[in-house]
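Q:
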Amino acid sequence: MEIILSSEFKQAVPGYKMIKIEAEVVNSETPDELWREVENFTGSLCDLLEIADINKRPGIAATRAGYKACGKDPNRYRPSTEQLCRRVLKGNGLWRVSSIVDTFNLLSLKSGHSIGAFDMDAIKGDTLTLGVGREGEPYEGIGRGVINIAGMPVWRDAVGGVGTPTSDNERTKVSLETRRLLVTINIYGDEMPVDDIISEAGRLLDTYCKAQNVKIDVIS
Numbered sequence: 011m012e013i014i015l016s017s018e019f020k021q022a023v024p025g026y027k028m029i030k031i032e033a034e035v036v037n038s039e040t041p042d043e044l045w046r047e048v049e050n051f052t053g054s055l056c057d058l059l060e061i062a063d064i065n066k067r068p069g070i071a072a073t074r075a076g077y078k079a080c081g082k083d084p085n086r087y088r089p090s091t092e093q094l095c096r097r098v099l100k101g102n103g104l105w106r107v108s109s110i111v112d113t114f115n116l117l118s119l120k121s122g123h124s125i126g127a128f129d130m131d132a133i134k135g136d137t138l139t140l141g142v143g144r145e146g147e148p149y150e151g152i153g154r155g156v157i158n159i160a161g162m163p164v165w166r167d168a169v170g171g172v173g174t175p176t177s178d179n180e181r182t183k184v185s186l187e188t189r190r191l192l193v194t195i196n197i198y199g200d201e202m203p204v205d206d207i208i209s210e211a212g213r214l215l216d217t218y219c220k221a222q223n224v225k226i227d228v229i230s
């Protein structure tokens with residue numbers, strides 16, 4: 011999958027970089043071992059943070075700044091990592107979805123960065139371009155219905171938007187039938203070191219998603 015950062019986006023957010031992961035995987039119901047990891051980490055997060063501290067995490071603060079630079083109010087459509095942290099700290103817990111989804115929700119919480127996970131077979135074409143959402147541009151977030159992505163960072167394939175830091179699109183979402191996975195780890199500012207993110211992503215994919223032929227690139 012070729013990755014293009016549009017000039018419009020690069021001008022707005024010049025410090026952005028991303029980790030791209032492609033892999034052949036086996037998705038499944040979330041294993042108990044993975045869910046114990048999720049529960050252990052979310053428990054430690056509750057010990058470390060208050061709700062007022064969430065937006066002070068460097069990765070989240072930088073993503074929110076990226077929203078503002080592109081023209082979006084991050085208080086109206088919060089980045090997904092911020093949403094996850096707020097659920098945890100409010101005592102609502104996370105949804106138990108599948109091995110792939112829960113793997114990258116856990117990595118998102120650990121790293122402080124919003125992560126897109128896509129079924130590669132649902133992506134149209136062989137290129138993803140990161141741009142800025144336009145007024146009236148159609149977009150259906152997973153479990154959220156229509157989202158106004160105007161002024162929001164958005165990944166597009168040959169048909170339209172597939173991912174934003176707030177929500178991926180229903181059209182390209184991961185399912186239990188997903189066998190080819192594309193992951194975009196969106197780094198707007200430093201928090202967890204890139205090498206540590208790559209190492210942890212590899213461990214989780216190997217342990218819980220039976221990943222093979224894993225290809226990882228860092229793009230900036």
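At position 101 of the sequence shown (counting the first as 1) the number is 111 in the numbering used here, and the numbers step up by one without a gap. Where is the CB? At the ideal position from N, CA and C, for every residue including glycine. Bear in mind the structure is a predicted one, so any value in this text is a computation, not a measurement.
1) At a Cβ threshold of 8 Å, is G141 touching chain B?
2) Can you tell me whether L214 is helix, strand or coil according to DSSP?
3) Return the Cβ separation of D112 and L44 in integer angstroms, given the expectation that the two are a contact with Cβ distance under 8 Å.
4) With C-beta atoms as the reference, is I125 less than 8 Å away from S118?
5) Buried or exposed: G171, going by 16 or more other Cβ atoms within 10 Å of its Cβ?
6) Determine whether the beta carbon atoms of L215 and V224 lie at a separation below 8 Å.
7) Output needed for N65: all residues of its chain with C-beta closer than 8 Å, excluding positions within five of it in sequence on either side, in chain order.
8) According to DSSP, W105 sits in a beta bridge with which residue or residues?
9) Output the distance between the C-alpha atoms of V23 and L140, rounded to the nearest integer angstrom.
10) When you compare only the Cα positions, how much space is there between I13 and I29?
11) On the three-state DSSP scale, how would you describe N37?
12) Please report the straight-line C-alpha distance between Y77 and F51, rounded to a whole angstrom.
13) Would you tell me roughly how many angstroms separate the C-alpha atoms of L191 and D129, rounded to the nearest one?
14) Just how far apart, CA to CA, sit N158 and E145?
15) Helix, strand or coil for V156? Go by DSSP, reduced to three states.
A: On the basis of the supplied data:
1) Checking the listed chains, one finds no chain B in this structure; it contains a single protein chain.
2) Helix at L214.
3) 6 Å
4) yes
5) buried
6) yes
7) A71, R74 and E92
8) Note: W105 sits in no beta bridge, so no partner.
9) 11 Å
10) 11 Å
11) coil
12) 27 Å
13) 5 Å
14) 8 Å
15) strand
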